[in-house]
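>
2 protein chains.
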Amino acid sequence: MSGRAVGYLRTMNLPQRIQERGSEFLLFALTPPRVTVSSQRAEEIANLTRQRLASLHLDGLVLYDIDDESDRNSAERPFPFLPTIDPATFWDQYLKDQTSSVVIYRAVGKYEESDIQAWLRAQDVDQVLTVFVGASSRNKQATTSLVRSQDLWAQVRPELPLGGVAIPERHTRRGEEHLRLIAKQEAGCSFFVTQVVYDVNAAKNLVSDYRYECDARGLTPVPIVFTFSVCGSLKTLEFLSWLGVDVPRWIQNDLRHSDDTLAASYEHSVRAARELIEYCRRLGIPFGINVESVSIRLAEIEASVRLAETLSHVLRR
Amino acid sequence: MSGRAVGYLRTMNLPQRIQERGSEFLLFALTPPRVTVSSQRAEEIANLTRQRLASLHLDGLVLYDIDDESDRNSAERPFPFLPTIDPATFWDQYLKDQTSSVVIYRAVGKYEESDIQAWLRAQDVDQVLTVFVGASSRNKQATTSLVRSQDLWAQVRPELPLGGVAIPERHTRRGEEHLRLIAKQEAGCSFFVTQVVYDVNAAKNLVSDYRYECDARGLTPVPIVFTFSVCGSLKTLEFLSWLGVDVPRWIQNDLRHSDDTLAASYEHSVRAARELIEYCRRLGIPFGINVESVSIRLAEIEASVRLAETLSHVLRR
Numbered sequence: 001m002s003g004r005a006v007g008y009l010r011t012m013n014l015p016q017r018i019q020e021r022g023s024e025f026l027l028f029a030l031t032p033p034r035v036t037v038s039s040q041r042a043e044e045i046a047n048l049t050r051q052r053l054a055s056l057h058l059d060g061l062v063l064y065d066i067d068d069e070s071d072r073n074s075a076e077r078p079f080p081f082l083p084t085i086d087p088a089t090f091w092d093q094y095l096k097d098q099t100s101s102v103v104i105y106r107a108v109g110k111y112e113e114s115d116i117q118a119w120l121r122a123q124d125v126d127q128v129l130t131v132f133v134g135a136s137s138r139n140k141q142a143t144t145s146l147v148r149s150q151d152l153w154a155q156v157r158p159e160l161p162l163g164g165v166a167i168p169e170r171h172t173r174r175g176e177e178h179l180r181l182i183a184k185q186e187a188g189c190s191f192f193v194t195q196v197v198y199d200v201n202a203a204k205n206l207v208s209d210y211r212y213e214c215d216a217r218g219l220t221p222v223p224i225v226f227t228f229s230v231c232g233s234l235k236t237l238e239f240l241s242w243l244g245v246d247v248p249r250w251i252q253n254d255l256r257h258s259d260d261t262l263a264a265s266y267e268h269s270v271r272a273a274r275e276l277i278e279y280c281r282r283l284g285i286p287f288g289i290n291v292e293s294v295s296i297r298l299a300e301i302e303a304s305v306r307l308a309e310t311l312s313h314v315l316r317r
Numbered sequence: 001m002s003g004r005a006v007g008y009l010r011t012m013n014l015p016q017r018i019q020e021r022g023s024e025f026l027l028f029a030l031t032p033p034r035v036t037v038s039s040q041r042a043e044e045i046a047n048l049t050r051q052r053l054a055s056l057h058l059d060g061l062v063l064y065d066i067d068d069e070s071d072r073n074s075a076e077r078p079f080p081f082l083p084t085i086d087p088a089t090f091w092d093q094y095l096k097d098q099t100s101s102v103v104i105y106r107a108v109g110k111y112e113e114s115d116i117q118a119w120l121r122a123q124d125v126d127q128v129l130t131v132f133v134g135a136s137s138r139n140k141q142a143t144t145s146l147v148r149s150q151d152l153w154a155q156v157r158p159e160l161p162l163g164g165v166a167i168p169e170r171h172t173r174r175g176e177e178h179l180r181l182i183a184k185q186e187a188g189c190s191f192f193v194t195q196v197v198y199d200v201n202a203a204k205n206l207v208s209d210y211r212y213e214c215d216a217r218g219l220t221p222v223p224i225v226f227t228f229s230v231c232g233s234l235k236t237l238e239f240l241s242w243l244g245v246d247v248p249r250w251i252q253n254d255l256r257h258s259d260d261t262l263a264a265s266y267e268h269s270v271r272a273a274r275e276l277i278e279y280c281r282r283l284g285i286p287f288g289i290n291v292e293s294v295s296i297r298l299a300e301i302e303a304s305v306r307l308a309e310t311l312s313h314v315l316r317r
């Protein structure tokens, strides 16, 4: 698979940049195709993805590991849950090339300890980074817990860069997400990735508290990757809320009353990303930008690519 | 008193502009001197105030009516409560001139009904506007309630422009401040004034919900005046919190870790005001800017005047 793909990602070593606490990198996040697609269709999707992203010169891809989060809340899921190809498989079989980097998510609750160990051992530390995600609610029965997975990583493959999830919304509710980040960092995390950011103020509050807590403890902050997306319809907006993303009322109102929801959300995301980029630079926090395509609608995918393109010019790369 | 003062405020009719739902006006808010000062000292303060504000060509002054708000919360008041000259008295005896406008606050809970009626009858509707403020907590025994005061106004002096207080923080907590604004508007309020804004997002949420609720009811929005201030010390920051102003964590952190709290807060206020001005213009909401001097320290007063000066150039006046 990989021959045709060489060059669609930057020939650079994201794992090394992360370990050196680099900044201003650009990622693009995808959800693999559904498990029900044929291998031919999966290959077509991979090729299309490469073509779409070719001009962006990304520093890496992010591949999500989708879990059935129906326990997340009691409200009906706006889009049905459809199992997707394992991101590690999608990468290995369809997207991988010799030169580029990928951040592979692991919804660790889905896997046996032995599977996690075997997978960690098999990864190329020059190309692959991973983010462990715990259960989406306390009530969920996890096969392997987040804490146990971190232990396995430390035993088996501590040289593989491990990332954690950062949730500004949780900081808004409880005011201690910065302490969770620091605990994860002390457990070995060398970077963080947020969920989709619509509430810039919440993200700034988290970054600020994290920065000053690091100072107080004599720790060096690790890179935080902020995720942005476009939202092309009120149904996607509803889905963001279901996922736990705080969309400020005024932005919700703007999107609801706009003649072109997609264009309005694109403008909001550009503005939010610029504000966070400027803020992180001022604060001296290493950071990256991740653009996520949350929908499978073509217009939304294309707008996501445009968003990444626009932000690639804002970043000092 | 007034002869020397002619011209330090704009020769314009703020009451009329408010009734016509004008926009982009600039106010400056003061607390009158303590009741213990001599009349000579009060006159000096009034003259100093005129000199300081002369170059701003304000559209009007705002004079606060300070109440002992020790019931506001159980935490100790960071600055002691010191009774101040009645704002109506300070205006009439020291600051008034023939050509300018003033917004006189009335903490209605302090007054007998007959006093409120008499005061309303005595005002010149071409110069004076008023804002009624209710009790600072539900537990406080008010001599006259806010609702009763609005009734008195409607009976006695409905042609005197009546304003209400808008509290974005309350919208954050309960999500219905826009409905309170509309109820006040239906009771006769023709403008609103916010408390000091540090959380721009909260202010935008309120304005947005207010705007779309007006649309839904076929009402025309009335001007909202946003108040900004500088904060020159951590004690003033503490006082803002005590007053119920939400200062986002990242701004608190910035102020706490800055070498120059006053300069940092000035920058934050300029930025916040610009963002709100731009937002209100986009949304088509009539608005004004009010710069409040919250401290009696000279450096903070001077920075407030600079803030008003800077914002006067941002406004399209």
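Protein sequences appear in the order of chains A and B. At position 41 of the first sequence the residue is numbered 41 (this note's numbering), and the sequence of numbers has no breaks. At position 304 of the second sequence the residue is numbered 304 (this note's numbering), and the sequence of numbers has no breaks. Backbone N, C-alpha and C define an ideal beta-carbon position, used for all residues, glycine too.
The alpha helix (DSSP H) that contains E112/A, what's its start and end?
Premise fails: E112/A is in no alpha helix (DSSP H) and is neither H nor E.
> Express the C-alpha separation of S136/B and W242/B in angstroms, rounding to a whole number.
For W242/B and S136/B, the distance between alpha carbons rounds to 12 Å.
> Taking only beta-carbon atoms, is P248/A less than 8 Å away from chain B?
Yes, P248/A counts as interfacial toward chain B.
> Which residues of chain A have a Cβ atom closer than 8 Å to the Cβ of S208/B, listed in chain order?
Per Cβ cutoff of 8 Å: R249, W250, N253, D254.
> Would L27/B pass as a contact of D59/B if the rule is Cβ separation under 8 Å?
Cβ atoms of L27/B and D59/B: closer than 8 Å.
> At what residue ranges does the region 202-290 of chain B contain a whole run of the beta strand (DSSP E), taking only runs of 3 or more?
Runs found: 224-228.
> Using the C-alpha atoms, what's the distance from D246/B back to S258/B?
Distance between the alpha carbons of S258/B and D246/B: 19 Å.
> Note the first and the last residue of the continuous alpha helix (DSSP H) segment covering L179/B.
177-186 is the span of the alpha helix (DSSP H), which, as asked, contains L179/B.
> Can you find a CB in chain B that lies within less than 8 Å of the CB of I167/A?
Taking Cβ atoms only, chain B never reaches closer than 8 Å to I167/A, which makes this a no.
> Please classify R339/B: does DSSP put it in a helix, a strand, or coil?
Given that chain B is displayed from residue 1 to residue 317, the structure contains no residue 339/B and the question cannot be resolved.
> Report the residues of the region 209-221 of chain B with a CB closer than 9 Å to any CB of chain C, ordered along the chain.
Given the protein chain composition of this structure (A and B), no chain C is represented.
> Assuming R316/B and E24/B form a contact by the criterion Cβ under 8 Å, report the distance between their Cβ atoms to the nearest whole angstrom.
With a Cβ gap of about 5 Å, R316/B and E24/B count as contacting.
> Indicate the three-state DSSP secondary structure (helix, strand or coil) for L292/A in the structure shown.
Per the sequence shown, the amino acid found at residue 292/A is Glu instead of Leu. Looking at E292/A - three-state DSSP - the assignment turns out to be strand.
> Excluding five sequence neighbours on each side, which residues of the same chain lie with their C-beta closer than 7 Å to the C-beta of A299/B?
Excluding sequence neighbours, A299/B sits near G232, L262.
> Beta-carbon within less than 7 Å of A88/A's beta-carbon, same chain only, minus the 5 sequence neighbours each way: which residues are those?
Once the five neighbours on either side are set aside, the close Cβ partners of A88/A are I104, W119.
> Would you mind stating whether P248/A and N201/B have Cβ atoms separated by less than 8 Å?
In contact: P248/A and N201/B (Cβ atoms closer than 8 Å).
> Please report whether the beta-carbon of H268/A lies at a distance below 8 Å from any beta-carbon of chain B.
It does not: the Cβ of H268/A has no partner Cβ on chain B nearer than 8 Å.
> Does the beta carbon of N13/A sit closer than 8 Å to a beta carbon anywhere in chain B?
Closer than 8 Å: no.
> Along the chain, where does the beta strand (DSSP E) containing T194/B start, and where does it finish?
Per DSSP, T194/B belongs to the beta strand (DSSP E) from 191-196.
> With distances taken between CB atoms, is the gap from F239/A to A272/A smaller than 8 Å?
Going by C-beta atoms, F239/A is not nearer than 8 Å to A272/A.
> Go through its chain and collect everything with a Cβ distance to E275/B's Cβ below 6 Å, but skip five positions before and after it.
The answer, listed in chain order, is V200.
> Using 10 angstroms around the beta-carbon of I296/A, count the other beta-carbons present and answer buried if the total reaches 16, otherwise exposed.
I296/A is exposed by the Cβ-count criterion.
> K140/B CB to nearest chain A CB: under 8 Å?
So, not an interface residue.
> Cα-Cα, which of I167/B, S101/B, N290/B, G175/B is closest to L160/B?
Of the candidates I167/B, S101/B, N290/B, G175/B, the one whose C-alpha sits nearest the C-alpha of L160/B is S101/B.
> Considering only the beta carbon of each residue, do I116/A and S149/A sit closer than 8 Å?
Cβ distance < 8 Å, so I116/A and S149/A count as in contact.
> Could you name the residues of chain A that N201/B contacts, counting a contact when the two beta carbons are closer than 7 Å?
Within chain A, the residues near N201/B are N201, P248.
> Assign T144/A to one of three DSSP states: helix, strand, or coil.
DSSP places T144/A in coil when its eight states are reduced to three.
> Can you give the Cα-Cα distance for Q98/A and N13/A, rounded to whole angstroms?
If you take the alpha carbons of Q98/A and N13/A, they lie about 11 Å apart.
> Determine the chain A residues that contact N205/B at a beta-carbon separation under 7 Å, and present them in chain order.
What N205/B touches in chain A: P248, R249, W250.
> Could you check whether the Cβ of H257/A sits closer than 8 Å to any Cβ belonging to chain B?
So yes, H257/A belongs to the interface.
> Taking Cβ to Cβ, would you say T130/B is nearer than 8 Å to P168/B?
Their beta carbons are not under 8 Å apart, which means T130/B does not touch P168/B by this criterion.
> Would you mind giving the Cβ-Cβ distance between R21/B and P223/B, rounded to the nearest angstrom? I have them listed as a contact below 8 Å.
Contact holds; Cβ gap of about 6 Å.
> Going by Cα to Cα distance, which pick from I301/B, T310/B, H313/B, V314/B is closest to Q51/B?
Nearest of I301/B, T310/B, H313/B, V314/B to Q51/B, Cα basis: I301/B.
> Look up F81/B in the DSSP assignment and say whether it is helix, strand or coil.
If DSSP states are grouped into helix, strand and coil, F81/B belongs with coil.
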